[in-house]
Amino acid sequence: MDKSLRIVFMGTPDFAVASLQRLLGGGCTVVAVVTAPDRPSGRGLQLTPSAVKKAALAANLPVLQPEKLRDPAFLDELASYKADLQVVVAFRMLPEVVWAMPTIGTFNLHGSLLPQYRGAAPINWAIINGETETGVTTFFIEKEIDTGQMIFQDTEPIYPDDTAGTVHDRLMERGADLVLKTVRAIEAGEYPRTPQPMSGELKSAPKLSRETTEINWNQPAITVRNFVRGLSPYPAAWTTINDKFFKVYNVSIANESPFAAEVGEAYTDNKTTILIRAADGWLSLDSLQAEGKRRMTAEEFLRGNRL
């Protein structure tokens, strides 16, 4: 093929901005951008554009913001751009009438090494499960979510002190490189289409909720630590101490054993340390946030509060 393709880019958060900018910086022909409608944000609930919309307007690109992806007016406008290819990064599920519209199709960037961690929260669940490696995958969208033919993958280590935030930021850049590589290969007409395995030991990455982000202190300390890392800084693991709600951003395995205690029991010297008993030892709550307060270290919190 070896020509510049007409591309419609679809994405919403910061994670997608790097990919859009990499395509533009690489001289790709992005003819329009599709992103979420402006949403109320902040104390004044002012309508706020998505990160991708801001980047698109800065690049003088047309922006489409449909409430409903099957809206006939949106579909007509999308078709008017005559895209050869659509590129999706951190956007919502597309109906077939959208992803099948371009002549070549639509590919998505996913934040895992597919087929592992299909779903809405791949970065979080990889860390929660104690993985030491993750990565990014580009694949063609098909009817079943995250199951289409894979194009390229790239790996990224997960270090012992990584959080979802640090891995997110590295995958954002690595993914942007992979998106540009994928477009270049499709333009050249030389790219793999590798079917995904549909059976075997496949780990999923379901959407996170309040129920699934509560800390279970009945687990081993290392399991709890991975759980907290995998949810930090967003949406954050949480627990209650003396019936008070706390988000927990960072914990470390404590060497001291202040006394024999039941699982979930808390200890504090009310000066610098907050410990909670896990199944096989104590964990120190190093960074936390009480309801209505800002995020603090344990020492900062204990300066003005007692437990």
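Quick note: the sequence shown, position 304, residue 317 per our numbering, numbers continuous.
We treat Cβ as the ideally placed atom computed from N, Cα and C, and that holds for glycine.
### Three or more C-beta pairs below 8 Å linking the stretch 299-309 and the stretch 257-265
Here the stretch 299-309 lies against the stretch 257-265, with 3 or more beta-carbon pairs under 8 Å apart.
### Message
Quick check on the burial criterion: 16 or more other C-beta atoms within 10 angstroms. Buried or exposed for G148?
### Response
With 16 or more other Cβ atoms within 10 Å, it is buried.
### Task
Evaluate M106 with the Cβ neighbour count: other Cβ atoms within 10 Å of its Cβ, from every protein chain shown; 16 or more gives buried, anything less gives exposed.
It counts as exposed.
### Message
My output table needs one value for M114: the three-state DSSP class, helix, strand or coil.
### Response
Coil at M114, not helix or strand.
### Query
In the structure shown, what three-state DSSP assignment does I199 receive?
Helix.
### Task
Closer than 8 Å by C-beta to A177: which residues in its own chain qualify, once you throw out the five before and the five after it? Chain order, please.
Leaving aside the five residues that flank A177 on each side, the residues in its chain whose CB is nearer than 8 Å to its CB run, in chain order, I136, N137, I140, R242, G243, L244, S245, P246 and Y247.
### Query
Assuming A45 and L77 make a contact with CB atoms under 8 Å, what is their CB distance in whole Å?
With 8 Å as the limit, A45 and L77 qualify as a contact, their Cβ atoms being about 6 Å apart.
### Proximity to P210 [Cα-Cα], best of T160, R238, V192 and R187
Here the closest residue by C-alpha is T160.
### Integer-rounded CB distance, given that V192 should sit under 8 Å from A96
About 15 Å separates the two Cβ atoms, so there is no contact after all.
### Query
At a cut of 8 Å, does the stretch 212-219 reach the stretch 249-257 through at least three beta carbon pairs?
Note that the stretch 212-219 does not touch the stretch 249-257; fewer than 3 beta-carbon pairs, one per stretch, sit closer than 8 Å.
### Task
May I have a chain-ordered list of the beta strand (DSSP E) segments no shorter than 3 residues that lie completely inside the stretch 55-88?
Inside the stretch 55-88, DSSP marks whole beta strand (DSSP E) runs of 3 or more residues at positions 59-61, from first to last along the chain.
### Query
For M14, which residues of its own chain have a beta-carbon under 8 Å away from its beta-carbon, when the five flanking residues on both sides are left out?
Residue placement at M14 is flagged as unreliable, the pLDDT there being 49, under the threshold of 50; the coordinate-derived value follows with that caveat. So the list reads I199, E200, A201 and G202, once near-sequence residues are dropped.
### Query
For the alpha helix (DSSP H) that contains R238, what are its first and last residues?
Segment A234 to G243, the alpha helix (DSSP H) holding R238.
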